[in-house]
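Colleague: Sharing a structure here in structure tokens format.
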Amino acid sequence: MDMPIPNPEILLRKGRVVERLQAVLPVDAVIFDEAETRAYECDALTAYRCPPMVAVLPSSTQEVANILRICHEEGVPVVPRGSGTSLAGGALPTADCVILGVARMNDVIETDYANRIIRVQSGRTNLSVTGAVEADGFFYAPDPSSQLACAIAGNVAMNSGGAHCLKYGVTTNNLMGVTMVQMDGTIVEIGGAHLDAAGLDLLGVICGSEGQLGVVTEATLRILHKPEGARPVLMGFGSAEVAGACVADIIKAGVLPVAIEFMDRMLIEVCEDFAGAGYPMCEALLIVEVEGADPEIDHQLGLIKEIAAKHDPVAVQEAESAEQAGRIWAGRKAAFSAIGRINDYMCLDGTIPVSELPYVLRRIEEMSKHYGLAVGNVFHAGDGNMHPLICYDANKPGDLEICEEFGAEVLKLCVEVGGCLTGEHGVGIEKRDLMTHQYAPADLEAQMAVKDVFDPGWLLNPAKVFPLAVSDPRRIAAE
């Protein structure tokens, strides 16, 4: 088979860009060989792939500024990348782009225990932030399931949460300030070590902006004292609807656990097989954790078990040791990996009012039968952040398209019951065409006007977040 002949104009542009990048970066920080760039062709949404023109791995804010200035002058799009764990295609490249990966930027810059802050480079992994302070009795609260691998850069971009966000909030509630580089290479400081910055809430604009406005190179994060203790309890139920109703009643009663996690039978079985967590076999399982001193824990768990008793649980198991508690959470944290061993799947991310959990779970089950695809549910039930895992066969023609149609209907349902399209995974490419289902044209126009201010050339993270039908004319006009 004849190989396609590369476009001479594209090759010339690539050569010029590579030459300029090599002049400001170490030799091993510029990756342009076609075989090597394939390592960056996708993120965790592996259904879509496109090798970038070039990938660069800077080690400092100044190197990021140099890269962006060159790309700005050359009119080359830039896709920021943390650890590539995005489940929404947030770091998917385009064929003419430069991938800017921050994996080498992983230093701790400053730790200030008196003011309970830590300043890190944005390539540092989520879990290693806690690792840097836990010996002194502190921790960083947001804990996505991918926390072993995901970078702070991606957490800021997507406003990531995690199992313990019910009590401690998501990234925006724990982010104090950032160093960010704009597309033209300008370095700006937003927020800082103080509680609230004066003037416009620019930090609130940056957190969750999905790399549309600038590249975050450093982050000042809130760290917290470790609680005296924590204890989870497992509660099994005869149906997903009943478990959902139990969650709604716990929240309604004013009890605030640190986490309430939901798993249905499919996930219970695969996680138990994978991690040996000791889960009871039932139709739906809740992991409810509370923390504090032992008397406080006993009191809270007593109230929770009283509420659960009204829903006829088929099993109640309270952790009796730190080792048992660790196994319980190991099973939950392994959910995505566990199901990935047995099936291709697409992980959704929609948020709903907790009171709507029973109805939405019933509708998802009905949709599963309609589309002929199995779906497993594992999610942060306390704040209604759902993560249905739709199983499909990547080798079966048409299965991916059916899966995407099913997923779109689930996300539309989330909006219809008063929720939103995303809780922590972001929009990326996965949900961009659904944005019109949640936002009116005027809302999208306002969001794109913000991007105009920060990135007037529309070069940062192209083809993400905004529906192409409304954003392409704007991007083309900006060229």
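Read in order, the letters of the sequence shown correspond to residues 5 to 483 in this note's numbering. Quick reminder that beta carbons are idealized off the backbone N, C-alpha and C, glycines included.
To the nearest angstrom, report how far apart I227 and W333 are at their CA atoms.
Modeller: 21 Å
Colleague: Have a look at R345 and R108 and give me their C-alpha separation to the nearest angstrom.
Modeller: Distance from the CA of R345 to the CA of R108, rounded to the nearest whole angstrom, comes to 29 Å.
Colleague: Check whether the Cβ atoms of L223 and S126 sit closer than 7 Å, and answer yes or no.
Modeller: A small fix is needed here, since residue 223 is Ala in this sequence, not Leu. Result yes, Cβ atoms of A223 and S126 sit closer than 7 Å.
Colleague: Leaving out five residues on either side along the sequence, give the residues of the same chain with a beta carbon under 8 Å from the beta carbon of E138.
Modeller: K230
Colleague: Using 10 angstroms around the beta-carbon of M187, count the other beta-carbons present and answer buried if the total reaches 16, otherwise exposed.
Modeller: So M187 ends up on the buried side.
Colleague: Apart from the five residues just before and just after G88, which ones in its own chain have a Cβ nearer than 6 Å to its Cβ?
Modeller: D47 and A95
Colleague: If A319 and C286 are in contact, beta carbons under 8 Å, what's the gap, nearest whole angstrom?
Modeller: 6 Å
Colleague: Which residues in the same chain as F458 place their Cβ atom closer than 7 Å to its Cβ, once the five residues preceding and following it in sequence are excluded?
Modeller: Q186, L217 and G218
Colleague: Do A197 and N119 have their CB atoms nearer than 7 Å?
Modeller: Yes; because the gap between Cβ atoms is below 7 Å, this pair is in contact.
Colleague: Does the Cβ of R336 have 16 or more other Cβ atoms within 10 Å, making it buried, or fewer, making it exposed?
Modeller: buried
Colleague: Can you tell me whether D200 is buried or exposed, with buried defined as 16 or more other CB within 10 angstroms of its CB?
Modeller: Exposed, since its Cβ has fewer than 16 Cβ neighbours within 10 Å.
Colleague: With H, G and I counted as helix, E and B as strand and the rest as coil, what does DSSP make of D476?
Modeller: helix
Colleague: My output table needs one value for Q321: the three-state DSSP class, helix, strand or coil.
Modeller: strand
Colleague: Confirm, please, whether the CB-CB distance from D353 to H441 is below 7 Å.
Modeller: With respect to the 7 Å criterion, H441 and D353 are not classified as neighbours on the basis of their beta carbons.
Colleague: With burial defined as no fewer than 16 other Cβ atoms inside 10 Å of the residue's Cβ, what is the status of E245: buried or exposed?
Modeller: buried
Colleague: Where do the ends of the beta strand (DSSP E) carrying L393 lie?
Modeller: Its beta strand (DSSP E) spans residues P392 to Y396.
Colleague: Nearest to L361 by CA position, among V379, C250 and L152, is which residue?
Modeller: C250
Colleague: With three or more beta-carbon pairs closer than 8 Å as the criterion, would you say the stretch 268-282 touches the stretch 316-331?
Modeller: yes
Colleague: Which parts of the stretch 276-356 are runs of the alpha helix (DSSP H), unbroken and 4 residues or longer, counting only runs that do not cross its ends?
Modeller: Within the stretch 276-356, the complete alpha helix (DSSP H) runs of at least 4 residues are 298-313, 326-337 and 339-344.
Colleague: Ignore the nearest five residues each way along the sequence and tell me which others in M7's own chain have a CB closer than 7 Å to its CB.
Modeller: Model confidence at M7 stands at a pLDDT of 42, short of 50, so the residue's coordinates are unreliable; what they give is reported in the following sentence. Excluding positions up to five away in sequence, the list is empty.
Colleague: Whole-angstrom Cβ separation of C500 and M350, contact assumed at under 8 Å?
Modeller: Since the displayed the chain opens at 5 and closes at 483, residue 500 lies outside it and no answer follows.
Colleague: Three Cβ pairs or more, each shorter than 8 Å: is that satisfied between the stretch 398-417 and the stretch 373-380?
Modeller: yes
Colleague: Take P357 and list the residues in its own chain whose beta-carbon comes closer than 8 Å to its own, dropping the five residues that flank it on each side.
Modeller: So the list reads G388, V421, G422 and G423, once near-sequence residues are dropped.
Colleague: Using DSSP with H/G/I as helix, E/B as strand and the rest coil, what is M187?
Modeller: coil
Colleague: Name the one or two DSSP bridge partners that F241 has.
Modeller: A288
Colleague: Based on the DSSP secondary-structure assignment, which residues constitute the bridge partners of N159?
Modeller: Beta-bridge pairing links N159 to no other residue.
Colleague: For the beta strand (DSSP E) that T221 lies in, which residues bound it at each end?
Modeller: V219 to R226
Colleague: At which residues does the beta strand (DSSP E) containing M57 begin and terminate?
Modeller: Taken as a continuous stretch (DSSP letters only), M57 belongs to no beta strand (DSSP E), as it is neither H nor E.
Colleague: Going by DSSP, what residue range makes up the alpha helix (DSSP H) through M371?
Modeller: L361 to Y375
Colleague: Give the DSSP bridge partners of T129, in chain order.
Modeller: A155
Colleague: Would you mind working out which of F241, D298 and I308 sits nearest L260, comparing C-alpha positions?
Modeller: Comparing Cα positions, the closest option is I308.
Colleague: Write down the C-beta distance between V102 and P56 rounded to the nearest angstrom, noting that I regard them as a contact closer than 8 Å.
Modeller: The pair is a contact, with the Cβ atoms about 7 Å apart (cut-off 8 Å).
Colleague: How long is the line joining the alpha carbons of E327 and G105, rounded to whole angstroms?
Modeller: 37 Å
Colleague: For V192, does the count of other Cβ atoms within 10 angstroms reach 16, so buried, or fall short, so exposed?
Modeller: exposed
Colleague: Does the beta-carbon of T134 have 16 or more other beta-carbons within 10 angstroms, so that it is buried, or is it exposed?
Modeller: buried
Colleague: Could you give the DSSP three-state label for D268: helix, strand or coil?
Modeller: Strand at D268.
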